[in-house]
Structure formats: structure tokens, C-alpha cells
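Counting in the UniProt record's numbering, the final residue of the sequence shown is number 285, and the numbers go up one at a time with none missing. Think of the CB as a built atom: it goes at the ideal place given N, C-alpha and C, for glycine as much as any other residue. Just so it is clear, the structure is predicted and the values come from calculations on it, not from any experiment.
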Amino acid sequence: MTAVIPPVSQVSENVWRILGCNPSFYTLQGTNVYLVGKGEERIQIDAGPWGEGEFIQNFRKYVRQRKVIIKHLIVTHWHFDHIGALGELIPVFKELCGELPKVYKFEDTGMGIPDEYEAIPLKDGQVLSISGVTLKIIHTPGHTRDHASIHFLEENVMFSGDTILGEGTCVYEDLSSYMKSLEKIRSCKPLKIFPAHGPINHDGKARIDYYITHHATREQKVLDCLNEVAPMSLSVSDIVKKIYSGLTPSRQNDGREGIQHHIKKLLREGRIKELRGKYYIDEGY
């Protein structure tokens, strides 16, 4: 990660970002929590991580100084760096907003929302709005089954959660679903991507296309490996070694999970076959 993200910053006319202050290999600079709106009311996107006192302090300071009320809180997915701070934010909301926001989340993995909140299951295409702000919910499974992306219609920006990051690429549970979700986001034609980790992407189309091309290229490499030896078969280890032949064994192992996801997707699509733990192709692709 190269970009420096301030603890609190305004990223557009109607969007403020509060950094979760939880940097790591997976979270990059930390989890980005967004507050969307103008006037008194705000919609919050993600709760932030558990146990990060600096984040809670910065969040409290922003709400107090701006005198805003958080009306709705959308959780992009169940991972704890996105949902973990819900409990710690309860006293902040009660003290400074006078009420708890309604919390929204897709229920594919269960809600996991503290009982104090009114928890509302999200629906694909659902719209949440406050004065001057319209947010359209898009179900984008792949990173997780319950993942939501949010299209801010007035500014035509996409809050991408962990589906698209500000730097690098993300991990996912299911590649087939993930690729469909990328296409779904691309169809919205967002001008910018506001990710849950990393800096703002100022060319939405280019960023989405990069992700799609990155995965399509790797998938083609898997098919090329199998075509080269057809009709013989290869194990996952064989494919990993061929694709990442210039890397050390430890770096090759880092790429193994991604190759396994591609194999699972290709099997599901009927483009390759499996026999006794090895994979083969009947005809060229």
C-alpha cells in the first residue's frame, strides 16, 4: 500500500470518510467507514472494526462537531472489520444522535447485529434515501455471500465494500459469483469507486475493467496449461508450478488458492473435467 489516508477526510461534496485505524496486510490502510449526506441526517456505510479506540474517538468527534444524526447504517458484509464496532458505537449514537440507526445487511450469512439495533434484511435493488441522497443497494456476492455494494445515484459513485479495493486485488469465497458481481457493478457505469479499503479510485470504469481482465487472464493461463498437455491431466500443484514458474515455492503457494478458485469455476462451467484429483480438457479453448 502506498497511499496515505487521513483519519478523517471529505472525499466528495456529500461523503466523508473515517478511517478504521486498523492497518494490516488484508485491510491495507484500514477499513473505510463512510458517512453520506448533507444537512443534519447521514447514512453510514459499515460500522468499522472492533477494539480500535482511535477510530471510535474520531467518529465521536465528527458526529459531535458536525451535529449530525446517523439515520441508517448499511453493513456491506459480515467480516468483523466491517461489523465489529456496532456494539462500541451504541453509546455514541445514544449520546450524540439521541437514537440508534436502523442497521441493514443481507441475511445470507445471518444478521449478526446486536439486539439493541433494529436489524433490517437488505434486498437487491432496494433504495435508501435521506435529503439529497439516494443509495441503491446491489447484491454483489463473491467476496462473501452476503456482500452489498451501494450506488450513490446523485454523485454516480459506487461504494464497493471489499469487492473492489483501492489498491491490489481482493480475496473471495466464490469466483463465479464474484465475476458476475463485477459485471453487475460495471453495468452501473460509476464514475468513481469508494472502496472499503484503500484510496478512492477516480476512474471507475478503468478500475473495474482491470479487475475483470486480471481474473480473465489468469483463467486463460489455467486453460493454456491444460491445453498444452491435452489429453493428459494436471494436478493443482502442476498448474501452479507452470503458471508461477519464475517464483519461489513460497510465492507459488501464495497463488495456489486463486488457481483453485479458477479450477472450481471451470469445473462448474463444464469447461474442464476432473479424474482422481487431476484436471484435463477435452478440446481447446
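On the DSSP letters alone, give me the boundaries of the alpha helix (DSSP H) that residue i sits inside.
i    : result
T134 : Here T134 belongs to no alpha helix (DSSP H); instead the beta strand (DSSP E) covers 133-139.
L223 : 204-229
Q57  : 53-66
F152 : Run containing F152: none in the alpha helix (DSSP H); it sits in the beta strand (DSSP E), 148-152.
F80  : 80-83
Please state the DSSP three-state secondary structure of residue i.
i           : result
M158        : strand
N253        : helix
L247        : coil
E95         : helix
K38         : coil
R17         : strand
K123        : coil
H197        : strand
I43         : strand
L234        : strand
residue 286 : With the chain represented from 1 up to 285, any question about residue 286 goes unanswered, as that position is not in the structure.
G112        : coil
L266        : helix
T2          : coil
residue 293 : Missing from the structure shown is residue 293; the chain here goes from 1 to 285 and no further.
H261        : helix
Between which two residues does the beta strand (DSSP E) containing residue i stretch?
i           : result
residue 290 : Here the chain has residues from 1 to 285 only, and residue 290 is not among them.
S129        : 127-130
H72         : 69-74
E274        : 273-275
Y279        : 278-280
Any beta carbon of chain C sitting closer than 7 Å to that of residue i?
i   : result
W50 : The displayed structure is made up of one protein chain only, and chain C is not part of it.
How would you call residue i, buried or exposed, if buried means at least 16 neighbouring beta carbons within 10 angstroms?
i    : result
F106 : buried
T31  : buried
F25  : exposed
M158 : buried
N253 : exposed
G166 : buried
P190 : buried
T213 : exposed
K205 : exposed
A148 : buried
N156 : exposed
N197 : Reading off the sequence, residue 197 comes out as His, not Asn. H197 comes out buried.
R168 : A quick correction: the sequence has Gly, not Arg, at residue 168. Per the 10 Å Cβ criterion, exposed.
V240 : buried
R268 : exposed
Residues bridged to residue i by DSSP?
i    : result
S9   : R17
K105 : P121
N32  : L19
S24  : L28
K192 : V157
Nearest CA to the CA of residue i: which residue from the options?
i           : options                : result
C188        : G166, V171, H197, E154 : E154
residue 325 : G37, V236, I56, R66    : What is shown of the chain runs 1 to 285, which leaves residue 325 out entirely.
A47         : Q29, Y104, Q65, Q10    : Y104
residue 290 : A196, A230, I138, A206 : Any question about residue 290 goes unanswered here, given that the chain covers just 1 to 285.
L122        : I164, G87, A85, W78    : W78
H143        : T169, Y178, S149, A230 : Y178
H146        : D124, K136, L73        : What sits at residue 146 in the sequence shown is Asp, not His. Out of D124, K136, L73, D124 has the C-alpha closest to the C-alpha of D146.
I272        : E257, T248, P231       : P231
Y211        : L182, E88, V15         : L182
E99         : G110, H82, L73, K205   : L73
Y34         : L28, I70, T2           : I70
residue 305 : R64, T109, V36, Q220   : Past the boundaries of the shown model lies residue 305; the chain is included only from 1 to 285, so the question cannot be answered.
N22         : R42, I43, P49, A3      : P49
T163        : L226, R207, H202       : R207
E116        : S233, T134, E88        : E88
E118        : L247, V75, K264, K67   : V75
E41         : P141, V63, I120        : V63
P141        : R218, P195, R276, K180 : K180
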